[in-house]
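Numbering (the numbering used here), first residue to last: 348 to 632. For glycine and all other residues, C-beta sits at the position ideal for the given N, C-alpha and C.
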Amino acid sequence: MMVRSDNRFEGERSEGMSETIESNSWRPARFMVIVGHPDDADFGPAGTAAAWIQAGSEGWLVCCTSGDAGGEDPDLDPLELALAREEEQREAAAVVGYEGVTFLHQPDGNLANDLPLREMLVREIRTFRPDAVICGDPEVVIHTGGGVNHTDHRAAAMAAVDAVYPAARNPMAFPWLARNGLAAHRVRRIFLMWSNTPDTWIDVSPTAERKIEALRCHASQLHDPEAVFTRVRSRLAEQGARIGSAAAEAYRVVVLDPDPTSETADVAEGMAEASGKAARTPTAR
Ligand SMILES: [Zn+2]
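And the structure:
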């Protein structure tokens, strides 16, 4: 169940509208999660991803870095750590049910929203052709509850949004991609996680424990796993209380395009087929 609050517009908010919550059952047939580090997707939208996949969606995960700076020992070999963390993320992705994971191997702690990163993300988007992308909220520098939003989270979020709009849908952005078979693709909705201004809560009661199992895979990052799981469970319950469910994950949702009617979907399909660029599934890397 997806629930969206009705107070997204300034005009309504200024009237002091209470937090009216509307039911909304929108679910993407295909979605892509784009994050900075291995484990972000599991601390982030794993409950939603698992719920959507359980209901029949196909998901793909993109990690911009492999978390090679995610340790406390300066003598640790960063490449060994990256390898271990990729393995942990693959295991977690299997728990959630993603079709696959792409690691872009960008430097942990130094991720930049630059053209090379955006081109890599546009490649991913045009290859998997998701209806929705889940990423961080690029407008969050300081979390409302306190704490700095990690620089890699900000860069990954900004790059993801920029890749979705306008680059992925514009055939003249990185034109060599379209010339080589990666046709422009319109992502219809962006789900911004870890937002300071969420407007949509997704019920993840049936998959909350799957999220915990996915988190358990990130052994290198968990010094006191049970304490972490307790915090995650209480956060899920807190968000769930907003919509009267046992557990929820919160998003700010950006709707870029209306869903195609069956008529427009046929036209889009025909166009993709005519140019030999129909949706396909990338091979796992
Ligand atoms: Zn992170």
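Straight-line Cα distance separating W407 from E446: 6 Å
Could you check where the beta strand (DSSP E) with F378 kicks off and where it finishes? 377-382
Beta-bridge partners of G447, as assigned by DSSP: W407
Shorter than 6 Å, the distance from the beta carbon of H565 to the closest heavy atom of ligand 1, or not? no
What separation, rounded to the nearest whole angstrom, lies between the Cα atoms of D550 and S592? 6 Å
Any beta strand (DSSP E) of 3 or more consecutive residues that is wholly inside the region 512-593: 536-540, 547-550
To the nearest angstrom, how far is the alpha carbon of P522 from that of N460? 19 Å
Tell me whether the beta-carbon of R599 lies closer than 7 Å to the beta-carbon of T544. yes
Can you confirm whether the region 424-438 touches the region 579-586 when touching is taken to mean that 3 or more C-beta pairs between the two stretches lie within less than 8 Å? no
Taking 7 Å as the cut-off, decide whether the C-beta atoms of M540 and G444 are in contact. no
Between which two residues does the beta strand (DSSP E) holding V480 run? 479-483
Residue interval of the alpha helix (DSSP H) (run including V469): 462-475
Leaving out the 5 sequence neighbours to the left and right, which residues in its chain are closer than 8 Å to V602 when beta-carbon positions are compared? R535, R536
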